[in-house]
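Novice:
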Amino acid sequence: MGATFGIALTLVIIAGSELFTGHTMFLTLG
68 MGATFGIALT LVIIAGSELF TGHTMFLTLG
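Numbering-wise (my numbering), the sequence shown opens with residue 68 and increments by one.
Right, here's the structure in full:
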């Protein structure tokens, strides 16, 4: 249970950072 929650949390953080960097990159280039 704890390991699954940790993995899910890590995936969410990675996905969020990817979206954040992509959004800022788009705004900077745009």
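Note that the Cβ used here is the ideal one computed from N, Cα and C, for glycine as well.
(1) Does DSSP put residue 92 in a helix, a strand or coil?
(2) What number of angstroms, rounded off, separates the C-alpha of residue 72 from the C-alpha of residue 78?
(3) Would you report the Cα separation of residue 94 and residue 69, rounded to the nearest angstrom?
Specialist: In short, the structure shows the following:
(1) helix
(2) 10 Å
(3) 37 Å
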